[in-house]
Amino acid sequence: SLVGEGEELRGAELMTMSREQLAVQRARRSFQTGRTRPLHFRIQQLRRLQNFIKERQKDIKDALQRDLGKSERASELYEILVVEAELHLSITRLAEWAAPRPVEKNLFTLSDEVYVKPEPLGVVLIIGPWNYPWSLTLLPLVGAIAAGNAAILKPSEISSNSSKVIEELLPLYLDKDLYQVVEGGVPEAQELLKQRFDHIFYTGSTAVGKLVMEAAARHLTPVTLELGGKSPCFIDKNCDVGIACRRITWAKLINCGQTCIAPDFILCEPSVLNRVVEEIKKCIKEFYADSTKTSDDYGRIINQRQFKRIMGLMEGCTIAFGGDADEARGYIGPTVLKNVTGESKVMQEEIFGPLLPIITVNGVDEAIQFINEREKPLVLYVFSHDNKLIKKVIAETSSGALVANDCVVHFLDSALPFGGVGHSGMGRYRGRHTFDQLSNLRSCMIKQLRMEGLNSMRYPPHTAKKLSW
Ligand code: NAD
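Here it is in structure tokens:
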């Protein structure tokens with residue numbers, strides 16, 4: 013039943029409410045009981061989430077295998093471990109995060125208590141994507157629980173096996189009234205977005221991000237938008253190209269390129285182009301025993317629609333190598349593209365697949381110009397031995413994150429706030445940053461009803477005598 017214990021709604025009223033409306037109402041009423049306020053309650057729920065992941069690992073891995081052809085190892089590495097680490101961090105640090113945060117005092121507040129007290133916001137809506145259907149749905153949930161909120165989860169219908177397991181099994185572990193899963197597609201997401209929330213945490217495409225923000229505006233609901241875009245990767249000629257290509261190839265091909273922080277395209281000078289192509293080829297041979305088609309470590313494209321879209325992006329480019337595909341199996345081999353320009357089709361949208369275009373530029377200044385002429389990316393990658401060049405790129409560009417001499421790994425460091433800027437998103441999360449994002453950082457000032465004489469200056473009449481005092 014969608015109606016919790018002690019629910020006062022009458023039958024007739026219930027009949028006219030949508031499933032989504034009921035879920036939100038039930039979550040809000042439960043939140044209003046105040047039971048998420050004590051930290052021990054939040055920790056108990058986080059521990060239950062830990063148990064869920066431990067006990068249901070097989071269900072999670074099976075669903076990921078069916079949705080995206082993810083191997084057990086890939087599921088552990090990119091979907092499970094990161095959530096387990098976040099849970100551990102949140103449980104051990106919650107008391108510290110939730111404690112009042114004293115602020116600097118000044119002459120007027122010397123004898124006062126002045127601090128910031130994080131408090132729960134209320135009901136948070138979490139809308140998840142299909143590419144990492146577990147980690148990118150559960151990481152915000154960890155923060156929502158830690159911050160003392162109720163939450164409604166809407167996993168992506170496109171990763172349907174994961175969505176089903178989340179809906180069936182998660183409620184067996186968590187408080188059923190406070191944390192609810194609404195399974196469904198666009199109509200269900202739209203119905204949810206009509207409801208009033210205290211925060212919406214959305215991960216997905218920029219296009220839908222705009223719709224989410226529009227819907228949120230109607231209720232003045234704050235949003236976190238974790239969106240996508242084209243993350244550039246500049247390889248300086250003063251660089252160990254072999255190592256750079258190992259790291260780039262690994263990052264690009266995780267989840268068959270369906271990763272929001274995958275390096276989208278490479279910028280390099282013409283003098284290193286052939287070397288880059290050869291090194292990437294070598295890495296693929298090494299990582300996948302020369303056959304991505306049969307390797308368990310190489311994933312699949314989520315569905316036919318995405319398959320067709322990705323294949324269409326190769327139009328007008330020269331295939332340096334790769335280009336093989338098998339539609340029935342959702343397989344697209346790692347593909348490097350040459351003779352690409354800013355106007356090529358593959359440069360007009362986020363690739364989100366295993367294609368890696370290389371664009372040649374004459375040095376770092378041209379690379380910076382190319383980057384700055386486009387939307388601010390989620391991540392900017394730069395490979396170089398020259399620290400000054402790296403600092404120059406940092407100083408002259410903007411992006412949600414910048415990683416030098418590696419790819420993707422910044423997501424694993426929860427000390428770094430993760431998120432985008434401009435069209436790649438807004439808001440930050442991971443670890444304490446999720447806790448802060450999903451809390452009201454309430455300013456508290458507690459004064460004494462003493463020493464009233466000191467206040468005489470602020471009360472009218474503002475006579476010259478008072479002001480000269
Ligand atoms: P998507 O926007 O199509 O779908 C995400 C969610 O939005 C799903 O739950 C879906 O049901 C819902 N949705 C879809 N259409 C909707 C509509 N019209 N109204 C309301 N809700 C709707 O995104 P996707 O295809 O699942 O994910 C791919 C995109 O997400 C890529 O651009 C990728 O870069 C981005 N992404 C970003 C991050 C990040 O952390 N910044 C992480 C993963 C994916």
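Plus 12 on top of the position in the sequence shown (first one is 1) and you've got the UniProt record's numbering.
Backbone N, C-alpha and C define an ideal beta-carbon position, used for all residues, glycine too.
Start-to-end residues for the alpha helix (DSSP H) that takes in residue i
i         : result
residue 1 : Nothing can be reported for residue 1, as the shown portion of the chain is limited to 13 through 481.
R312      : Element bounds for R312: n/a, residue is neither H nor E.
T475      : Run containing T475: none; DSSP gives neither H nor E here.
V154      : 147-158
M225      : 218-229
F120      : Taken as a continuous stretch (DSSP letters only), F120 belongs to no alpha helix (DSSP H), as it is neither H nor E.
D385      : Strictly speaking, residue 385 in this sequence is Glu, with Asp absent from that position. Per DSSP, E385 belongs to no alpha helix (DSSP H) and is neither H nor E.
I178      : 172-181
E203      : 198-206
R85       : 84-87
Identified DSSP bridge partners for residue i
i    : result
P114 : Y127
P132 : S451
I164 : L137, Q192
V348 : F333, L368
T236 : F213
I247 : C280, F395
C456 : Y127
Residue i in three-state terms, based on DSSP
i    : result
S480 : coil
L14  : Its pLDDT being 48, under 50, L14 is placed unreliably in this model, and the coordinates cannot settle the point.
G432 : coil
F43  : helix
G342 : coil
K242 : coil
F277 : strand
M438 : strand
L461 : coil
C257 : helix
L285 : helix
C268 : helix
D425 : coil
A301 : coil
C419 : coil
M29  : coil
I363 : coil
T409 : coil
S80  : Ser is not the amino acid found at residue 80; the sequence shown has Leu there. In this structure, L80 counts as helix in the three-state DSSP scheme.
N467 : helix
G142 : Going by the sequence as given, residue 142 is Trp instead of Gly. Coil at W142, not helix or strand.
L186 : coil
S307 : coil
L325 : coil
T353 : coil
D252 : coil
E169 : coil
V95  : helix
T48  : coil
Heavy atom of ligand 3 within 6 Å of residue i beta-carbon
i    : result
S217 : This structure lacks ligand 3; the ligands present are ligand 1.
First and last residue of the uninterrupted beta strand (DSSP E) at residue i
i    : result
A413 : 413-416
F213 : 211-215
F395 : 391-395
Anticipated Cβ contact below 8 Å, residue i with residue j, distance rounded
i    : j    : result
V405 : F277 : The pair is not a contact, with the Cβ atoms about 16 Å apart (cut-off 8 Å).
S356 : P346 : Wrong, their Cβ atoms sit about 18 Å apart, outside the cutoff.
Y127 : C456 : 5 Å
C251 : H397 : 6 Å
P145 : D79  : 7 Å
L390 : S243 : 5 Å
L190 : R68  : 20 Å between Cβ atoms; not a contact.
L428 : R442 : 7 Å
K478 : S468 : 7 Å
S168 : Q460 : The pair is not a contact, with the Cβ atoms about 54 Å apart (cut-off 8 Å).
The stretch 40-49 in contact with the stretch 125-138 per 3-pair CB rule at 8 Å: yes
The stretch 73-93 in contact with the stretch 133-153 per 3-pair CB rule at 8 Å: Taking a cut-off of 8 Å for Cβ pairs, the stretch 73-93 and the stretch 133-153 touch, as three or more such pairs fall below it.
Inter-stretch contact at 8 Å, needing at least 3 Cβ pairs: the stretch 157-168 / the stretch 238-245: no
Cβ contact (3+ pairs, closer than 8 Å) linking the stretch 359-377 and the stretch 271-286: yes
Contact the stretch 283-295 vs the stretch 431-440: 3+ CB pairs below 8 Å: Remark: fewer than three beta-carbon pairs, one from each stretch, lie closer than 8 Å, so the stretch 283-295 and the stretch 431-440 are not flagged as touching.
The stretch 27-41 / the stretch 192-200 touching (three or more Cβ pairs under 8 Å): yes
Stretch-stretch touch, CB-based, cutoff 8 Å, three pairs: the stretch 102-119 with the stretch 212-229: no
The stretch 290-305 touching the stretch 255-275, judged by at least three CB pairs closer than 8 Å: yes
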